[in-house]
Amino acid sequence: MAAIPCVIMRGGTSKGVYINEAHLPAEAEARDTLLCNLFGSSDPRQIDGIGGGDPLTSKVAILAAPSHPDADVDYISGEVRLRRHEVNYGIMCGNLAAGVGPAAVQMGLVDPQKCSHSVKVFNRNSGSVIDAHYLQPLDSELGTCFSAKLIFNNPIGNHTGCLLPTGNPVDMVSIRGITVKYSVVDAGAVYAFVSANELDLKGCETPAEIDAMVLVREWVELFRQHVAETINCLQVASKQVNVGQIKIALVSASANDSLKQTNIVGRIINPAKTHKAYAVSGAIATCVAAFTSKTIVQNMSSGVFGLGAGFKIGHPEGVLEVGLQHDETEQGAVIRAAEIYRTSRLLMVGQAFTPLQDSMLTSVGTRKIENIL
1 MAAIPCVIMR GGTSKGVYIN EAHLPAEAEA RDTLLCNLFG SSDPRQIDGI GGGDPLTSKV
61 AILAAPSHPD ADVDYISGEV RLRRHEVNYG IMCGNLAAGV GPAAVQMGLV DPQKCSHSVK
121 VFNRNSGSVI DAHYLQPLDS ELGTCFSAKL IFNNPIGNHT GCLLPTGNPV DMVSIRGITV
181 KYSVVDAGAV YAFVSANELD LKGCETPAEI DAMVLVREWV ELFRQHVAET INCLQVASKQ
241 VNVGQIKIAL VSASANDSLK QTNIVGRIIN PAKTHKAYAV SGAIATCVAA FTSKTIVQNM
301 SSGVFGLGAG FKIGHPEGVL EVGLQHDETE QGAVIRAAEI YRTSRLLMVG QAFTPLQDSM
361 LTSVGTRKIE NIL
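Residues in the sequence shown are numbered from 1 upward in steps of one, following the numbering used here.
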(Lines of atoms letter the chains of each structure in order from A and count residues from 1; the text may use other names and numbers.)
(Lines give C-alpha, C1' and ligand atoms only; values in the text may rest on other atoms or scores of the structure.)
Protein backbone atom coordinates (compact mmCIF):
# COMPACT_ATOMS: atom_id res chain seq x y z
CA MET A 1 0.00 0.00 0.00
CA ALA A 2 1.24 3.51 -0.79
CA ALA A 3 0.37 6.77 0.95
CA ILE A 4 0.65 9.57 -1.60
CA PRO A 5 0.95 13.12 -0.21
CA CYS A 6 -1.49 15.35 -2.05
CA VAL A 7 -3.52 18.54 -2.01
CA ILE A 8 -7.14 18.75 -3.15
CA MET A 9 -8.27 22.09 -4.52
CA ARG A 10 -11.15 23.59 -6.37
CA GLY A 11 -9.85 25.48 -9.37
CA GLY A 12 -12.50 27.51 -11.19
CA THR A 13 -15.32 25.11 -12.09
CA SER A 14 -13.15 22.01 -11.65
CA LYS A 15 -11.74 20.12 -8.68
CA GLY A 16 -8.42 18.33 -8.79
CA VAL A 17 -5.83 16.37 -6.88
CA TYR A 18 -2.44 18.13 -6.88
CA ILE A 19 0.57 15.85 -6.46
CA ASN A 20 4.31 16.46 -6.40
CA GLU A 21 5.89 14.66 -9.36
CA ALA A 22 8.58 13.36 -7.01
CA HIS A 23 5.90 11.31 -5.23
CA LEU A 24 4.90 9.42 -8.38
CA PRO A 25 6.57 6.63 -10.36
CA ALA A 26 9.03 7.89 -12.96
CA GLU A 27 7.83 5.40 -15.57
CA ALA A 28 4.70 6.62 -17.41
CA GLU A 29 2.69 3.39 -17.39
CA ALA A 30 3.31 2.76 -13.68
CA ARG A 31 2.44 6.39 -12.88
CA ASP A 32 -0.85 6.25 -14.78
CA THR A 33 -1.78 2.91 -13.22
CA LEU A 34 -1.20 4.37 -9.77
CA LEU A 35 -3.26 7.48 -10.60
CA CYS A 36 -6.17 5.43 -11.95
CA ASN A 37 -6.14 3.29 -8.80
CA LEU A 38 -5.94 6.41 -6.66
CA PHE A 39 -8.98 7.94 -8.37
CA GLY A 40 -11.00 4.71 -8.49
CA SER A 41 -11.12 4.28 -12.27
CA SER A 42 -12.36 2.44 -14.30
CA ASP A 43 -15.54 2.40 -12.22
CA PRO A 44 -17.53 5.40 -13.54
CA ARG A 45 -18.57 6.24 -9.97
CA GLN A 46 -14.93 6.03 -8.79
CA ILE A 47 -16.37 4.70 -5.55
CA ASP A 48 -13.10 3.08 -4.42
CA GLY A 49 -10.97 6.18 -4.99
CA ILE A 50 -10.86 9.91 -4.48
CA GLY A 51 -12.22 10.82 -7.92
CA GLY A 52 -15.60 12.53 -8.05
CA GLY A 53 -17.24 10.39 -10.73
CA ASP A 54 -17.42 13.32 -13.16
CA PRO A 55 -14.93 14.62 -15.76
CA LEU A 56 -14.74 17.96 -13.94
CA THR A 57 -13.68 16.30 -10.69
CA SER A 58 -11.52 13.50 -12.08
CA LYS A 59 -8.43 15.57 -12.75
CA VAL A 60 -4.84 15.47 -11.57
CA ALA A 61 -2.39 18.35 -11.44
CA ILE A 62 1.19 17.11 -11.24
CA LEU A 63 3.59 19.80 -9.99
CA ALA A 64 7.37 19.79 -10.15
CA ALA A 65 10.45 21.96 -9.83
CA PRO A 66 10.70 24.30 -12.83
CA SER A 67 12.23 22.98 -16.04
CA HIS A 68 11.77 26.30 -17.86
CA PRO A 69 14.12 29.23 -17.17
CA ASP A 70 11.22 31.70 -16.89
CA ALA A 71 9.07 29.59 -14.56
CA ASP A 72 8.75 29.08 -10.81
CA VAL A 73 7.04 25.68 -11.04
CA ASP A 74 6.01 23.07 -13.63
CA TYR A 75 2.40 21.96 -14.08
CA ILE A 76 1.19 18.83 -15.88
CA SER A 77 -2.55 18.46 -16.31
CA GLY A 78 -4.18 15.04 -16.60
CA GLU A 79 -7.77 13.89 -17.13
CA VAL A 80 -8.23 10.58 -15.33
CA ARG A 81 -10.77 8.66 -17.40
CA LEU A 82 -13.88 7.44 -15.65
CA ARG A 83 -14.57 4.23 -17.57
CA ARG A 84 -11.04 3.35 -18.69
CA HIS A 85 -7.72 2.81 -16.94
CA GLU A 86 -6.22 5.79 -18.74
CA VAL A 87 -4.98 9.33 -18.14
CA ASN A 88 -5.29 11.91 -20.92
CA TYR A 89 -2.48 14.49 -20.93
CA GLY A 90 -3.45 15.91 -24.32
CA ILE A 91 -5.23 18.97 -22.93
CA MET A 92 -4.33 21.51 -20.28
CA CYS A 93 -6.94 22.24 -17.61
CA GLY A 94 -6.94 26.02 -17.34
CA ASN A 95 -9.28 25.95 -14.35
CA LEU A 96 -6.87 23.91 -12.24
CA ALA A 97 -4.08 26.31 -13.25
CA ALA A 98 -5.66 28.75 -10.80
CA GLY A 99 -4.75 26.45 -7.91
CA VAL A 100 -1.14 25.80 -8.89
CA GLY A 101 0.30 28.71 -6.88
CA PRO A 102 -1.31 27.86 -3.51
CA ALA A 103 -0.73 24.12 -4.01
CA ALA A 104 2.92 24.64 -4.90
CA VAL A 105 3.41 26.61 -1.70
CA GLN A 106 1.84 23.79 0.34
CA MET A 107 4.23 21.30 -1.32
CA GLY A 108 7.27 23.45 -0.68
CA LEU A 109 7.94 23.89 -4.42
CA VAL A 110 7.46 27.66 -4.31
CA ASP A 111 8.80 30.05 -1.68
CA PRO A 112 5.96 32.41 -0.65
CA GLN A 113 8.52 35.02 0.38
CA LYS A 114 9.89 35.09 -3.15
CA CYS A 115 6.54 34.64 -4.91
CA SER A 116 4.12 36.30 -2.51
CA HIS A 117 1.35 37.12 -4.99
CA SER A 118 2.54 35.93 -8.42
CA VAL A 119 3.78 32.63 -9.83
CA LYS A 120 5.07 31.79 -13.28
CA VAL A 121 3.82 28.33 -14.22
CA PHE A 122 5.32 26.26 -17.03
CA ASN A 123 2.60 24.03 -18.44
CA ARG A 124 4.25 20.97 -19.94
CA ASN A 125 1.05 19.96 -21.80
CA SER A 126 1.16 23.05 -24.02
CA GLY A 127 4.81 24.05 -23.61
CA SER A 128 3.80 27.57 -22.58
CA VAL A 129 4.12 29.75 -19.50
CA ILE A 130 1.12 30.93 -17.49
CA ASP A 131 1.43 34.05 -15.33
CA ALA A 132 -0.78 33.66 -12.25
CA HIS A 133 -1.38 36.87 -10.26
CA TYR A 134 -3.19 36.43 -6.93
CA LEU A 135 -5.01 39.07 -4.89
CA GLN A 136 -4.30 37.16 -1.67
CA PRO A 137 -0.83 36.22 -0.35
CA LEU A 138 0.02 32.66 -1.33
CA ASP A 139 0.81 31.74 2.27
CA SER A 140 -2.68 32.79 3.45
CA GLU A 141 -4.39 30.55 6.01
CA LEU A 142 -5.69 27.18 4.89
CA GLY A 143 -9.11 27.31 3.26
CA THR A 144 -8.61 30.79 1.81
CA CYS A 145 -10.37 31.43 -1.49
CA PHE A 146 -7.78 32.80 -3.90
CA SER A 147 -8.72 35.16 -6.74
CA ALA A 148 -6.32 35.02 -9.66
CA LYS A 149 -5.75 36.72 -12.97
CA LEU A 150 -4.36 34.05 -15.28
CA ILE A 151 -2.38 35.13 -18.33
CA PHE A 152 -1.86 32.34 -20.86
CA ASN A 153 1.14 33.41 -22.91
CA ASN A 154 1.56 32.49 -26.58
CA PRO A 155 -1.59 30.32 -26.80
CA ILE A 156 -1.56 29.94 -30.59
CA GLY A 157 -0.51 26.66 -32.21
CA ASN A 158 0.90 24.89 -29.15
CA HIS A 159 -0.50 21.50 -30.22
CA THR A 160 -0.33 21.62 -34.03
CA GLY A 161 2.10 24.44 -34.76
CA CYS A 162 -0.51 26.70 -36.40
CA LEU A 163 -3.72 28.61 -35.70
CA LEU A 164 -5.82 26.85 -38.35
CA PRO A 165 -4.72 23.18 -38.43
CA THR A 166 -6.78 22.37 -41.54
CA GLY A 167 -5.48 25.43 -43.37
CA ASN A 168 -9.01 26.82 -43.68
CA PRO A 169 -11.26 28.97 -41.49
CA VAL A 170 -14.21 26.77 -42.49
CA ASP A 171 -14.42 23.16 -43.69
CA MET A 172 -17.32 20.83 -44.45
CA VAL A 173 -18.01 17.19 -43.65
CA SER A 174 -20.88 14.74 -44.01
CA ILE A 175 -21.25 12.06 -41.33
CA ARG A 176 -24.23 9.69 -41.16
CA GLY A 177 -26.10 11.86 -43.62
CA ILE A 178 -25.62 15.06 -41.61
CA THR A 179 -23.54 17.68 -43.43
CA VAL A 180 -22.07 20.50 -41.37
CA LYS A 181 -19.62 23.35 -41.70
CA TYR A 182 -16.98 23.54 -39.00
CA SER A 183 -13.93 25.53 -37.91
CA VAL A 184 -10.84 24.11 -36.21
CA VAL A 185 -8.68 26.43 -34.11
CA ASP A 186 -5.54 25.65 -32.09
CA ALA A 187 -5.51 28.23 -29.30
CA GLY A 188 -5.21 26.96 -25.75
CA ALA A 189 -6.31 23.57 -27.12
CA VAL A 190 -7.47 22.18 -30.45
CA TYR A 191 -11.19 22.96 -30.75
CA ALA A 192 -13.59 22.14 -33.56
CA PHE A 193 -16.63 24.43 -33.63
CA VAL A 194 -19.99 23.49 -35.14
CA SER A 195 -23.21 25.48 -35.18
CA ALA A 196 -25.70 23.84 -32.83
CA ASN A 197 -28.44 24.56 -35.36
CA GLU A 198 -26.82 22.22 -37.89
CA LEU A 199 -27.47 19.37 -35.46
CA ASP A 200 -31.07 20.58 -34.94
CA LEU A 201 -30.23 21.96 -31.51
CA LYS A 202 -31.03 25.39 -30.14
CA GLY A 203 -27.68 25.65 -28.40
CA CYS A 204 -29.11 26.44 -24.98
CA GLU A 205 -29.82 22.81 -24.02
CA THR A 206 -28.61 21.65 -20.61
CA PRO A 207 -25.73 19.16 -20.39
CA ALA A 208 -28.19 16.48 -19.20
CA GLU A 209 -30.42 17.08 -22.22
CA ILE A 210 -27.48 16.75 -24.62
CA ASP A 211 -26.17 13.63 -22.88
CA ALA A 212 -29.60 12.02 -23.33
CA MET A 213 -29.38 12.52 -27.13
CA VAL A 214 -27.67 9.26 -28.05
CA LEU A 215 -27.54 9.93 -31.79
CA VAL A 216 -26.02 13.37 -31.28
CA ARG A 217 -23.42 11.98 -28.90
CA GLU A 218 -22.50 9.23 -31.37
CA TRP A 219 -22.26 11.75 -34.20
CA VAL A 220 -19.97 14.00 -32.16
CA GLU A 221 -17.55 11.14 -31.43
CA LEU A 222 -17.38 10.22 -35.12
CA PHE A 223 -16.80 13.89 -35.89
CA ARG A 224 -14.03 14.07 -33.28
CA GLN A 225 -12.27 11.17 -34.99
CA HIS A 226 -12.73 12.84 -38.39
CA VAL A 227 -11.14 16.08 -37.19
CA ALA A 228 -8.07 14.29 -35.84
CA GLU A 229 -7.64 12.30 -39.04
CA THR A 230 -8.13 15.39 -41.21
CA ILE A 231 -5.49 17.39 -39.34
CA ASN A 232 -2.98 14.57 -39.63
CA CYS A 233 -3.70 13.82 -43.29
CA LEU A 234 -3.62 17.40 -44.60
CA GLN A 235 -0.15 17.99 -43.12
CA VAL A 236 -0.81 21.71 -42.73
CA ALA A 237 0.02 21.25 -39.06
CA SER A 238 3.65 20.67 -38.13
CA LYS A 239 2.65 18.31 -35.30
CA GLN A 240 0.45 15.22 -35.32
CA VAL A 241 -2.53 15.06 -32.97
CA ASN A 242 -4.45 12.21 -31.38
CA VAL A 243 -8.18 12.04 -30.94
CA GLY A 244 -7.84 12.72 -27.21
CA GLN A 245 -6.56 16.20 -27.99
CA ILE A 246 -9.61 17.19 -30.03
CA LYS A 247 -12.33 19.12 -28.24
CA ILE A 248 -15.78 19.74 -29.72
CA ALA A 249 -17.88 22.83 -29.04
CA LEU A 250 -21.38 23.52 -30.30
CA VAL A 251 -21.98 27.25 -30.63
CA SER A 252 -25.08 29.34 -31.15
CA ALA A 253 -25.95 33.01 -31.43
CA SER A 254 -26.32 34.96 -28.20
CA ALA A 255 -29.99 35.51 -29.08
CA ASN A 256 -30.44 32.01 -27.66
CA ASP A 257 -29.07 33.27 -24.35
CA SER A 258 -31.95 34.32 -22.10
CA LEU A 259 -29.71 36.75 -20.22
CA LYS A 260 -28.65 38.55 -23.43
CA GLN A 261 -25.26 39.25 -21.82
CA THR A 262 -23.02 37.27 -24.12
CA ASN A 263 -21.31 37.45 -27.48
CA ILE A 264 -21.91 33.76 -28.16
CA VAL A 265 -23.30 30.66 -26.43
CA GLY A 266 -21.35 27.40 -26.25
CA ARG A 267 -21.60 23.79 -25.12
CA ILE A 268 -18.48 21.61 -24.92
CA ILE A 269 -19.12 17.91 -25.51
CA ASN A 270 -16.51 15.64 -23.95
CA PRO A 271 -16.30 11.90 -24.68
CA ALA A 272 -17.75 10.96 -21.29
CA LYS A 273 -20.19 13.80 -20.63
CA THR A 274 -21.13 17.26 -21.77
CA HIS A 275 -19.20 19.93 -19.85
CA LYS A 276 -21.34 21.35 -17.06
CA ALA A 277 -19.74 24.78 -17.46
CA TYR A 278 -17.03 25.85 -19.95
CA ALA A 279 -13.36 24.96 -20.08
CA VAL A 280 -10.79 27.75 -19.81
CA SER A 281 -8.91 26.31 -22.79
CA GLY A 282 -12.22 26.27 -24.66
CA ALA A 283 -12.86 29.89 -23.75
CA ILE A 284 -9.45 30.87 -25.12
CA ALA A 285 -10.09 28.96 -28.35
CA THR A 286 -13.57 30.44 -28.72
CA CYS A 287 -12.32 33.97 -28.18
CA VAL A 288 -9.44 33.58 -30.64
CA ALA A 289 -11.81 32.03 -33.18
CA ALA A 290 -14.08 35.05 -32.84
CA PHE A 291 -11.17 37.27 -33.93
CA THR A 292 -10.18 34.96 -36.79
CA SER A 293 -11.67 35.97 -40.12
CA LYS A 294 -14.51 33.88 -41.57
CA THR A 295 -14.65 31.21 -38.85
CA ILE A 296 -17.97 29.77 -37.66
CA VAL A 297 -17.47 31.53 -34.33
CA GLN A 298 -16.79 34.92 -35.87
CA ASN A 299 -19.80 34.69 -38.16
CA MET A 300 -22.04 33.75 -35.24
CA SER A 301 -20.73 36.22 -32.63
CA SER A 302 -22.72 39.34 -31.85
CA GLY A 303 -22.56 42.41 -29.67
CA VAL A 304 -19.65 44.73 -29.04
CA PHE A 305 -16.25 43.12 -28.63
CA GLY A 306 -12.73 43.82 -29.72
CA LEU A 307 -9.11 43.14 -28.87
CA GLY A 308 -9.33 45.77 -26.14
CA ALA A 309 -12.58 44.45 -24.67
CA GLY A 310 -13.72 41.21 -23.09
CA PHE A 311 -15.43 38.44 -25.06
CA LYS A 312 -18.31 36.83 -23.17
CA ILE A 313 -19.33 33.20 -23.61
CA GLY A 314 -22.65 31.93 -22.30
CA HIS A 315 -22.52 28.41 -20.84
CA PRO A 316 -24.72 26.19 -18.61
CA GLU A 317 -23.48 27.79 -15.38
CA GLY A 318 -23.33 31.42 -16.46
CA VAL A 319 -20.92 33.63 -18.40
CA LEU A 320 -17.15 33.31 -18.86
CA GLU A 321 -15.24 36.37 -20.03
CA VAL A 322 -11.92 36.25 -21.88
CA GLY A 323 -9.55 39.05 -22.83
CA LEU A 324 -6.76 39.04 -25.39
CA GLN A 325 -3.41 40.82 -25.29
CA HIS A 326 -1.95 41.65 -28.68
CA ASP A 327 0.85 43.42 -30.50
CA GLU A 328 0.30 45.64 -33.54
CA THR A 329 2.47 44.71 -36.51
CA GLU A 330 2.58 45.62 -40.19
CA GLN A 331 0.58 42.46 -40.85
CA GLY A 332 -2.03 43.48 -38.27
CA ALA A 333 -2.74 42.44 -34.70
CA VAL A 334 -0.82 39.42 -33.36
CA ILE A 335 -2.30 37.70 -30.30
CA ARG A 336 0.28 37.53 -27.55
CA ALA A 337 -1.73 36.19 -24.61
CA ALA A 338 -5.21 35.44 -23.28
CA GLU A 339 -6.34 36.43 -19.81
CA ILE A 340 -9.08 35.04 -17.59
CA TYR A 341 -10.02 35.58 -13.96
CA ARG A 342 -10.52 32.43 -11.88
CA THR A 343 -10.78 31.54 -8.20
CA SER A 344 -9.45 28.56 -6.29
CA ARG A 345 -9.70 27.19 -2.78
CA LEU A 346 -7.59 24.67 -0.90
CA LEU A 347 -9.88 21.91 0.37
CA MET A 348 -7.52 19.34 1.84
CA VAL A 349 -3.89 18.63 2.58
CA GLY A 350 -3.05 15.03 3.45
CA GLN A 351 -2.37 11.58 2.08
CA ALA A 352 -4.31 9.31 -0.25
CA PHE A 353 -3.92 5.53 -0.04
CA THR A 354 -3.72 3.17 -2.97
CA PRO A 355 -2.56 -0.41 -3.58
CA LEU A 356 1.03 -0.56 -4.80
CA GLN A 357 1.67 -3.23 -7.42
CA ASP A 358 5.06 -4.92 -7.76
CA SER A 359 5.59 -3.22 -11.12
CA MET A 360 5.37 0.16 -9.39
CA LEU A 361 7.54 -0.64 -6.41
CA THR A 362 10.91 -0.17 -8.08
CA SER A 363 9.75 2.90 -9.98
CA VAL A 364 8.30 4.57 -6.90
CA GLY A 365 11.24 3.51 -4.80
CA THR A 366 13.64 5.34 -7.07
CA ARG A 367 11.72 8.54 -6.26
CA LYS A 368 12.27 7.90 -2.54
CA ILE A 369 8.70 8.10 -1.36
CA GLU A 370 8.98 7.81 2.38
CA ASN A 371 5.33 7.08 3.04
CA ILE A 372 5.18 3.49 1.77
CA LEU A 373 3.23 1.41 4.27
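For each residue, glycine too, the CB sits at the ideal point set by N, CA and C.
Exposed is the label assigned to Q225, since fewer than 16 other Cβ atoms lie within 10 Å of its Cβ. As for any beta strand (DSSP E) of minimum length 3 sitting wholly inside the region 87-131, the runs are 118-123, ordered along the chain.
Where G266 is concerned, the enclosing beta strand (DSSP E) starts and stops at I264 to I269.
Using a Cβ distance threshold of 7 Å, N88 and S128 do not count as a contacting pair.
For the pair of segments examined, the region 312-321 was found to touch the region 264-276: the number of CB pairs separated by less than 8 Å reaches three.
If you check the CB distance, K59 and S14 come in under 7 Å. Residue V220 holds the alpha-carbon nearest to the alpha-carbon of S174 among A283, V220, A28 and A2.
The C-alpha of S252 is placed about 43 Å away from the C-alpha of M107.
Taking a contact as a CB-CB distance under 8 Å, the pair L199 and L250 counts as one, their CB atoms being some 7 Å apart. Taking a contact to require three or more Cβ pairs closer than 8 Å, the region 281-289 and the region 334-343 qualify as touching.
Taking every protein chain shown into account, the CB of Q261 has fewer than 16 other CB atoms within 10 angstroms, so this residue is exposed. For M300, the enclosing alpha helix (DSSP H) has its first and last residue at I296 to M300. By the criterion of a C-beta distance shorter than 7 Å, Y18 is surrounded in its chain by C6, V7, M9, A61, L63, G99 and A103, once the five residues flanking it on both sides are discounted.
Here the alpha carbon of V190 sits roughly 16 Å from the alpha carbon of G78.
By the criterion of a C-beta distance shorter than 6 Å, I231 is surrounded in its chain by P165, A237 and V241, once the five residues flanking it on both sides are discounted. Separation of the CB atoms of I156 and D131 is rounded to 17 Å, and the pair is thereby denied contact status at 8 Å.
Comparing C-alpha distances from V322 to each of I264, L138 and V334 shows the shortest one belongs to I264.
Excluding residues up to 5 positions away in sequence, L250 lie with their Cβ nearer than 7 Å to the Cβ of L201 in the same chain.
Listed in chain order, the non-local C-beta contacts of I4 below 6 Å within the same chain comprise H23 and A352, local neighbours out to five positions each way being set aside.
Residue pairing by DSSP puts A64 in a beta bridge opposite D74. The Cβ-Cβ distance between V110 and D70 does not fall below 7 Å. With respect to the 7 Å criterion, F39 and G53 are not classified as neighbours on the basis of their beta carbons. The DSSP-derived three-state label of C145 is strand.
S344 is classed as buried because its beta carbon has at least 16 other beta carbons within 10 Å across all chains shown. For Q325, the uninterrupted beta strand (DSSP E) run begins and ends at G318 to T329, by DSSP. The DSSP-derived three-state label of H226 is helix. When the beta-carbon positions are compared, L320 and L142 stay at least 7 Å from each other.
Shown here, H133 sits in a strand according to DSSP, grouped into three states. With contacts defined as CB atoms closer than 7 Å, A272 and I246 fail to qualify as a contacting pair. The C-alpha of V349 is placed about 15 Å away from the C-alpha of L138. The three-state reading of DSSP puts V170 in coil, since its state is none of H, G, I, E or B. Non-local beta-carbon contacts of R31 in its own chain, meaning distances under 6 Å to residues more than five positions away in sequence, involve L24 and P25 in chain order. Taking the Cα positions, T295 is about 50 Å away from A2. Between A212 and G203 a beta carbon distance of about 16 Å is seen, past the 8 Å cut, so the two are scored as non-contacting. Annotation note: the region 190-254 contains the following uninterrupted beta strand (DSSP E) runs of length 3 or greater, listed N- to C-terminal: 246-252. Rounded to the nearest whole angstrom, the C-alpha separation of T33 and N95 is 24 Å.
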